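Read through the structure below, which is laid out as structure tokens, and then see the notes.
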Amino acid sequence: MLFQAILNGILFGAVYVCIGMGFSLVWGVMNIINLAHGSFIMLGAYITYTLFTYLKIDPFLTLPISMLALYFIGYASQKYLLNYIIRASIFITLTFTFGLQILIANVALLIWSADFKSAAPGYSGEGIVLGGLVLPYIRCAIFIVALILTYLFYLLMARTKTGKAINATALNLEGAKTVGVDVAEIYARTMGISAALGGAAGALISPIMTINPFIGGHLVGKAFVVAILGGLGGTMGSFAGGMALGLAEQVGSLFFSSGYQEAIGFIVLVLVLIFRPQGIVGKRFY
Amino acid sequence: MIKLQNRTYKIILLIALLVCILFPSIASGFWIRLLTSIFLYAILAQGLNIIAGFTGYAAFGNMIFFGLGAYTVGILMVKAGISFFPSLIAAAAVGIIVAILIGLPLLRLKGHYFALASLGAAEAVRQIMDNLIGLCGGAMGLTLPQMAGKPAQVNLYFYYLIFSLLLISFAATYAISKNRLGYALKAIKANEEAADAMGINTTLYKIVAWAISGLFTAMAGAIHAYWFTFIEPATVFDVMIVVKLFVILLLGGAGTVMGPLYGAFIFEGISEIVWSRFLNLHMGILGILVILIVFFIPNGLIDMVRRGFRLKTILDTIREEKV
Amino acid sequence: MTREPILTGTNVSKHFGALKALDDVHFELYGGEILGIIGPNGAGKTTLLSVINGTLPITRGRIFLKGKEITGLRPFRIAERGVSRTFQIVKPFPGMTALENVAIGALFGREREKKMSRAMEKAAETIGKVALKGKENILVEKLNVSERKRLELARALTQDPEILLLDEVMAGLTLREIEDIMALIQEVNRGGMTIMVIEHVMKAIMGISNRIIVLHHGQKIAEGTPDEISENRQVIAAYLGERYSKKLEETSHAGD
Numbered sequence: 000m001l002f003q004a005i006l007n008g009i010l011f012g013a014v015y016v017c018i019g020m021g022f023s024l025v026w027g028v029m030n031i032i033n034l035a036h037g038s039f040i041m042l043g044a045y046i047t048y049t050l051f052t053y054l055k056i057d058p059f060l061t062l063p064i065s066m067l068a069l070y071f072i073g074y075a076s077q078k079y080l081l082n083y084i085i086r087a088s089i090f091i092t093l094t095f096t097f098g099l100q101i102l103i104a105n106v107a108l109l110i111w112s113a114d115f116k117s118a119a120p121g122y123s124g125e126g127i128v129l130g131g132l133v134l135p136y137i138r139c140a141i142f143i144v145a146l147i148l149t150y151l152f153y154l155l156m157a158r159t160k161t162g163k164a165i166n167a168t169a170l171n172l173e174g175a176k177t178v179g180v181d182v183a184e185i186y187a188r189t190m191g192i193s194a195a196l197g198g199a200a201g202a203l204i205s206p207i208m209t210i211n212p213f214i215g216g217h218l219v220g221k222a223f224v225v226a227i228l229g230g231l232g233g234t235m236g237s238f239a240g241g242m243a244l245g246l247a248e249q250v251g252s253l254f255f256s257s258g259y260q261e262a263i264g265f266i267v268l269v270l271v272l273i274f275r276p277q278g279i280v281g282k283r284f285y
Numbered sequence: 000m001i002k003l004q005n006r007t008y009k010i011i012l013l014i015a016l017l018v019c020i021l022f023p024s025i026a027s028g029f030w031i032r033l034l035t036s037i038f039l040y041a042i043l044a045q046g047l048n049i050i051a052g053f054t055g056y057a058a059f060g061n062m063i064f065f066g067l068g069a070y071t072v073g074i075l076m077v078k079a080g081i082s083f084f085p086s087l088i089a090a091a092a093v094g095i096i097v098a099i100l101i102g103l104p105l106l107r108l109k110g111h112y113f114a115l116a117s118l119g120a121a122e123a124v125r126q127i128m129d130n131l132i133g134l135c136g137g138a139m140g141l142t143l144p145q146m147a148g149k150p151a152q153v154n155l156y157f158y159y160l161i162f163s164l165l166l167i168s169f170a171a172t173y174a175i176s177k178n179r180l181g182y183a184l185k186a187i188k189a190n191e192e193a194a195d196a197m198g199i200n201t202t203l204y205k206i207v208a209w210a211i212s213g214l215f216t217a218m219a220g221a222i223h224a225y226w227f228t229f230i231e232p233a234t235v236f237d238v239m240i241v242v243k244l245f246v247i248l249l250l251g252g253a254g255t256v257m258g259p260l261y262g263a264f265i266f267e268g269i270s271e272i273v274w275s276r277f278l279n280l281h282m283g284i285l286g287i288l289v290i291l292i293v294f295f296i297p298n299g300l301i302d303m304v305r306r307g308f309r310l311k312t313i314l315d316t317i318r319e320e321k322v
Numbered sequence: 000m001t002r003e004p005i006l007t008g009t010n011v012s013k014h015f016g017a018l019k020a021l022d023d024v025h026f027e028l029y030g031g032e033i034l035g036i037i038g039p040n041g042a043g044k045t046t047l048l049s050v051i052n053g054t055l056p057i058t059r060g061r062i063f064l065k066g067k068e069i070t071g072l073r074p075f076r077i078a079e080r081g082v083s084r085t086f087q088i089v090k091p092f093p094g095m096t097a098l099e100n101v102a103i104g105a106l107f108g109r110e111r112e113k114k115m116s117r118a119m120e121k122a123a124e125t126i127g128k129v130a131l132k133g134k135e136n137i138l139v140e141k142l143n144v145s146e147r148k149r150l151e152l153a154r155a156l157t158q159d160p161e162i163l164l165l166d167e168v169m170a171g172l173t174l175r176e177i178e179d180i181m182a183l184i185q186e187v188n189r190g191g192m193t194i195m196v197i198e199h200v201m202k203a204i205m206g207i208s209n210r211i212i213v214l215h216h217g218q219k220i221a222e223g224t225p226d227e228i229s230e231n232r233q234v235i236a237a238y239l240g241e242r243y244s245k246k247l248e249e250t251s252h253a254g255d
């Protein structure tokens, strides 16, 4: 029982890593809590769903398309909207991203209607059994893709020029400006990357979750927990946070009835915020 | 542009007051209920204003007080057979006590952390209430006893009850804005470290602010429960309401005394129009509205009126906040 | 000047991880005096003030105010006991007028005025003293650097503290303004206020201080009257480097 729960925790955790990574990035670099991130994930899921349902392409193959589409949406949101209010109070930026979230949800509602949908390919119910533990194919595939994405994200941040510029901007805004970094552009790219990661997360959840236009709120809640648990901004942090959340939920469900799961989760979250706000990994950045 | 003299302003307020008092005698049930709803939002917005607008702590979880106030009345009236007014007092006490209990750990957090931690607390309570089926019906909700009397009388009763709470809460906020407490809160919002160094007991004042916020919000919840006669965790702890309150504060002007009222009028007015014609789009329109407000009038309408509607002012504001 | 110190710090240390911003500093502040704190940038001067008033938690050591320990107290408690400060990087209250900013000082702290009108009166008076008269109703965001520095001073002064901690209050002021502030500091000092002042403007601090403490790399390297300090070899070395202070010593010996 316990081992299955731990295994499930790791597999589920991978999904959470994807959900939280982009969110954590934007929070760490721009100090924006992007409540619309959930909508980005939702859109990614819908794009995958549409391509799966109408063109019969496997969700894992359309993942790059979701990512690309969301990159542009995120980039544009930042460049033409968020950059203009970024120095306002949190009051304003939080409310703004919330407005953006419900706007996107409404648009999705108009396009896809409110029915619950899913993009489950033929092999979704199946898996293999290893030593008494159940390993569903889909979950394993998601896990592997999540690892690849995390590694790619790490490479992006640590090795590319854009990544370094993002780091620099996050660590010292004025300094970055002084050495010639186009901060507005970098912020736009950061949000683009964040949205792309969200799009990937959406593609990954479409086979295993039922989606509807309003899942954004719930998703962003999870992203928030991942970010707090792991510590803001870093790849390792998001990874740790996602895994921690997955494990906590799966193992926790063995002991607590699911009805109180969220309540306990929130209480733990609040405790972490008070006693170790820098998260498990603790360091900001890479 | 429109610069109202103090005296003119006071006279206008007085006339508005009289209109509100005499209103029900000339209006139909629909309008009375609409106004009652606007007043309710104004009270909630004012409650939020005290902790967020004045003190600078964006309490996204403020519905925790509304819900607990509602459930206090619900449980006392249904399970203990206590009548409304004593239950209302109990709800008020609950508001204050809960604010102190969660304020002590949470008010140490800053900015986003506080906002979302308070939301976390509200969500946790919501979920717990969802599960307390025996005590209050859980997720299925709780039905309160109906008030005796004809619908028209009942409408009137709640109109004046909520209007009274409006007057009390706004008068209290006005008093606060002019006295030491108000200045302490504004100082905390402006620069908490400097406020501390100047001798302001920031912890104490923050908790007092939240307690006052909790008091009015809980009382509003209590009245709402008796008015609607049916409450469930999903609605009385709904975070969407807080978001609307933030929009109302943005519209009317956070940190001002009358802002919540103006914002509530405009917001509900727009809501009514949108709801009746564009139901399908109403969330989208709310979203666009939020975006527009944040861009063009982030300091609220009162500030906009004071500074004049010139395009230059708007552009200046945007330039200040650009990256 | 009384002989019992009204403020004492023993073994005062403040570490930021491995960085020792303050390292085992002892100091005494006597009632009625003006104590100057000087030292190169990064010496720990502001840290010392912040540790005294509680803005920064002390790592090790103890601080006593009139015999009673105040180590680890929250800043507002220390302000209530009569210790007010200004910040090196000014911390005004944005969104409020100059008068309101200074009035906050009057409403809290030692004097803790309860009546708003009296607080406003006191504030107006102090605003006049720092030559900001006429700017009372301007939002502080619209004041320039010099005006903000003077506002910061006014806000602390209005608290009528027993001990005033000033952190580079003259930086950014014109020569004329510096002279005015020097005069103001001496005036309130004559009225009984004890003052601990950090300054880089040598002429000013040497001119008004009764005694000087010199910090370098978090340690106290010298203490004495302004005259003694200006001839202290270690102080000169700290500011101008070993080579120069050696040269100075050689030339002064050569003259024997």
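Residue numbers (numbering that gives the first Met the number 0), protein chains in the order written: chain L, 0 to 285; chain H, 0 to 322; chain E, 0 to 255. Note that CB positions come from ideal geometry on N, CA and C, so glycine has one too. Everything numeric in this text was worked out from a predicted model, so none of it was measured.
6 Å Cβ shell around H/G28 - same chain, five flanking residues per side excluded: The beta carbon of H/G28 is closer than 6 Å to those of N154 in its chain, skipping five residues each way along the sequence.
Residue from E/V82, E/R109, E/R117 and E/G217 with nearest C-alpha to E/E99: E/R117
Beta-carbon proximity of L/T189 to L/I204, cut-off 7 Å: 7 Å or more divides the Cβ of L/T189 from the Cβ of L/I204.
Same chain only: Cβ atoms within 6 Å of E/I33, ignoring 5 sequence neighbours per side: N188, I194, I207, S208 and N209
Whole-angstrom distance between E/E161 and H/Q126, CA atom to CA atom: 53 Å
E/L165 and E/V196 closer than 7 Å at C-beta: yes
Residue burial classification, H/I82 (beta-carbon count within 10 angstroms, cutoff 16): Residue identity check: residue 82 of chain H is Ser in the sequence provided, not Ile. Exposed, by the Cβ-count rule.
Among L/M0, L/G8, L/A4 and L/L1, nearest to L/G241 - alpha-carbon criterion: L/G8
Residue span of the alpha helix (DSSP H) that contains E/R175, given as start and end: L174 to R189
Helix, strand or coil at L/I5 according to DSSP, with G and I counted as helix: helix
Selection from L/N211, L/A145 and L/A262 that minimises the alpha carbon distance to L/W111: L/N211
Length of the line joining the Cα atoms of L/F142 and L/F265: In a straight line, the C-alpha of L/F142 is about 25 Å away from that of L/F265.
CB contact flag (L/I185, L/T168, <7 Å): yes
Which of helix, strand or coil DSSP assigns to H/M0: Because H/M0 sits at a pLDDT of 35, beneath the cut-off of 50, its placement in the model cannot be relied upon, and the following sentence gives the value as read from the coordinates. H/M0: coil per DSSP, three-state reduction.
Backbone CA spacing between E/M0 and E/I62 [nearest angstrom]: Below a pLDDT of 50, predicted positions are generally treated as unreliable, and E/M0, at 49, falls in that range; the measurement from the model is reported next regardless. When rounded, the distance between both Cα atoms is 21 Å.
Cβ neighbour criterion (16 or more within 10 Å) applied to L/I254: Here residue 254 of chain L is Phe; the residue named in the question, Ile, does not match the sequence. By the 10 Å Cβ count, L/F254 comes out exposed.
C-alpha gap between E/R76 and E/F107, whole angstroms: Answer to the nearest angstrom: the Cα atoms are 10 Å apart.
Where the beta strand (DSSP E) through E/H215 begins and ends: R210 to H215
H/S86: first and last residue of the uninterrupted alpha helix (DSSP H) it sits in: F83 to L105
C-beta neighbour in chain L for H/M139, strict 7 Å: no
Enclosing beta strand (DSSP E) for E/V82 [first to last residue]: V82 to R84
Below-7 Å beta-carbon distance, H/Y182 vs any chain E residue: For H/Y182, the answer is yes, since a Cβ of chain E falls inside 7 Å of its Cβ.
Any 3 or more C-beta pairs closer than 8 Å across the stretch 127-136 of chain H and the stretch 1-21 of chain H: no
Min CB distance E/I51 to chain H below 7 Å: Not one beta carbon of chain H lies nearer than 7 Å to the beta carbon of E/I51.
Beta-carbon proximity of E/I103 to H/M218, cut-off 7 Å: H/M218 is positioned such that its CB atom lies no closer than 7 Å to that of E/I103.
Residue-chain proximity (H/Y371, chain L), Cβ-Cβ < 7 Å: Not covered by the structure: residue 371 of chain H. The range shown for chain H is 0 to 322.
Exposed unless 16 or more other CB atoms sit within 10 angstroms - verdict on E/G66: exposed
Within 7 Å, strictly: CB atoms of H/F59 and H/V241: yes
Proximity below 7 Å, CB of L/A194 to CB of L/L69: Cβ atoms of L/A194 and L/L69: closer than 7 Å.
Runs of alpha helix (DSSP H) lying entirely within the stretch 82-126 of chain L, each at least 4 residues, in chain order: 89-111
L/L172 Cβ short of 6 Å to the ligand GDP heavy atom set: Here there are no bound small molecules, and the ligand GDP is not part of this structure.
The alpha helix (DSSP H) enclosing E/A130, as first and last residue numbers: That residue, E/A130, is in no alpha helix (DSSP H); it is neither H nor E in DSSP.
Whole-number beta carbon distance between L/A107 and L/M306, since they are thought to touch under 8 Å: What is shown of chain L runs 0 to 285, which leaves residue 306 of chain L out entirely.
From H/A120, H/K78 and H/I25, residue whose alpha carbon lies closest to that of H/T142: Of the candidates H/A120, H/K78 and H/I25, the residue whose Cα lies closest to the Cα of H/T142 is H/K78.
The stretch 103-116 of chain H contacting the stretch 36-48 of chain H, beta-carbon criterion three pairs below 8 Å: no
Own chain partners of H/Y204 with C-beta closer than 8 Å, once the 5 adjacent residues on each side are dropped: T54, L180, A183, L184 and I187
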